[in-house]
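Under the numbering used here, the first residue of the sequence shown carries the number 3, and numbering increases by one thereafter. Using N, Cα and C, we set each Cβ at its ideal position, and we do this for glycine too.
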Amino acid sequence: MSSRWSTLSTRVQAGGAEALRLAVGEGKQYEGDIVRKRTEVEKVVIEKEKAAGDIVHALPEDSETQPEVKLYLPNILKDAVFVGHLVTDLDSVAGAIGAAELYGGIPALASEVNSETAFALEKFGVEKPRTIEDILKENPEVDICLVDHQQTSQMNPSIHQDKVVGIIDHHALQSKTIVTDKPIYIDIRPWGSMSTIIAHTFVTHGRRPAKHIAGMLLCAILSDTLNLLGPTTTDWDRLMVAVLAEIATVDDIQYLASQQFKAKSRELAHMSAVDLVNGDQKSFSFAASGFKGEVGFGVVETTDDDIIMDRASELLPEMVACKKEKSYDCLFLAVVNIVKLHSKLLICGPTELALAKDAFGGGLMEDCTVMDLGGRVSRKKDYIPVLTKTINEGWEKPKGLTRGPSIVDLGKLGRLEKDPEDPFGRVKRTGSVLAHSATSVGKHKPGRAFSIFELPAFDEAELLEDE
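Dropping the structure here:
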């Protein structure tokens, strides 16, 4: 231990770690025989106390007094607009805010913020960034740095590819990755959160992020790594959480995590089936020997998956309509319980069923419309790599497969309308022949369940030749 750290430690303990140590001992005893053990994120903050303390106390209190940095900071990003992906989440908003502060640019929103992001902004007193559309109206020639994504399908349509000068991301390079006609700055690392990259860059350049910036980055890492319990979590994420908790003076990190996850789940109760299916959905292109086409994969993260699964009778017909509208060959929707770290997969057709069986092999229920995925909770690590491996190893659609609901003509799958009597202004689909026939999937409602094998009665003219 350095003499400098020894001196400092007599005056200052790592705030978050010391508060946790006092509040939650090795086994905090409550009334009776109840013992409250430390959670994973609390253990990490305490375990990383020394490393985090060394880092934080080595940073200047005021970054403006820091001598000129010798490490490389790309001038190309100065004055650029930092913007995340469509259906924006906390990592892409916090990452844009942090990157703009780090590199000297402007943060922007690709779409409206969700309830979890709104919670973090309010918690740390951060002004919500402007939309990318408004910024581009004022300055259409401004340079753009994409954060938390690099696929054209996730870019805001107002962004021109030739204006992109940088990418900061933590996702794999897959289909529809942006192509540029000139070299650009790229920082892609296999970490659990894009905000971890920004926090680490602050630290390696000897700069201390402001308290509100540290708080936003901290919340984003907790969100993307499922409170450091998700499969994409790395030791870099753990270390940066400890560092940021110290800078943001967060004494009870478990309480912060629980509050933001509750905020995230509150929004789901007011979302329509259209919003849930399309909200966090990404598409992937495949060109393998046995299968060529587009696969859509949506994810709903919640603290109470029963609330979502009880709406399966709404979600499955909407998945069929979405599949038709977006010309997907397959569409899946995973419902992830972020507390229990457990997920279920909604299956809207025979093709999806065949692929899911070969890829995941989970237990089936509800007439094969739901598959138990167990502890798989990450699209980036658990879902798409497994599907990709299965398809690339020669998977093909079985011959003689039963025709599913997506053979119904798109015109019979209803239309999207905003309910004028809905106080939340939700958009819902009305007039779908599938919704009329599917009264329930799940144990709480009686009636005829949605089936991927049996279709309601139609005129033959309402069906297409094949799925």
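Label Met367 either buried or exposed according to how many other C-beta atoms from any shown protein chain fall within 10 Å of its C-beta, with 16 as the threshold for buried. exposed
With distance defined between alpha-carbon atoms, name the residue in Gly107, Glu42, Ile137, Gly194 nearest to Asp93. Gly194
Gln163 burial status per 10 Å Cβ neighbour count (16 or more: buried): The residue in question, Gln163, is exposed, as its Cβ has fewer than 16 Cβ neighbours within 10 Å.
Please report how far the alpha carbon of Glu143 lies from the alpha carbon of Leu111, in whole angstroms. Answer to the nearest angstrom: the Cα atoms are 17 Å apart.
Return helix, strand or coil for His344, following the three-state DSSP convention. strand
Excluding sequence positions up to five away, which residues of its chain have a Cβ less than 8 Å from the Cβ of Pro76? Around Pro76, the same chain offers Tyr105, Gly168, Tyr187 as residues with beta carbons nearer than 8 Å, after the five sequence neighbours per side are excluded.
In terms of DSSP beta bridges, what is Ser434 paired with? Per DSSP, Leu415.
Residue from Ala247, Pro192, Val85, Arg405 whose Cα sits closest to the Cα of Gly100: Val85
Could you check the C-alpha separation between Glu327 and Phe126 for me, to the nearest Å? 40 Å
Lys50 versus Arg240: straight-line alpha-carbon distance, rounded: Each residue's Cα considered, the two are about 8 Å apart.
Quick one: what does DSSP say Gln256 is sitting in, helix, strand or coil? helix
Environment of Lys184 [buried if 16+ CB atoms lie within 10 Å]: exposed
Taking its Cβ as the centre, do 16 or more other Cβ atoms sit within 10 Å of Ser453, making it buried, or is it exposed? Taking a 10 Å sphere around the C-beta of Ser453, we find 16 or more other C-beta atoms and assign the residue as buried.
By DSSP's criteria, Met283 is part of a beta bridge. Which residues make up the other side? According to the sequence shown, residue 283 is Gln rather than Met. Gln283 pairs with Gly300.
Gly2 in three-state terms, based on DSSP: This structure cannot settle anything about residue 2, because the visible part of the chain is limited to 3 through 469.
For a test of the three-state rule: what should DSSP assign to Ile249, helix, strand or coil? helix
Residue from Leu230, Asp331, Trp397 whose Cα sits closest to the Cα of Ala290: Trp397
Cα-Cα separation, Pro140 to Ser117: The identity of residue 140 in the sequence shown is Glu, whereas the question assumes Pro. Roughly 28 Å between the two C-alpha positions.
Count Cβ pairs between the region 359-373 and the region 386-395 that sit closer than 8 Å; are there 3 or more? By the Cβ test, the region 359-373 is in contact with the region 386-395, since at least three Cβ pairs between them sit closer than 8 Å.
Selected residue, minimal CA-CA separation from Ser380, among Asp331, Leu231, Leu403, Asp237: Leu231
Can you tell me the Cβ-Cβ gap for Thr371 and Ala314, rounded? I've got them flagged as a contact below 8 Å. 7 Å
Would you give the residue range spanned by the beta strand (DSSP E) that Asp374 belongs to? 372-376
Out of Ala201, His207, Thr227, state which residue places its alpha-carbon closest to the alpha-carbon of Ile215. Ala201
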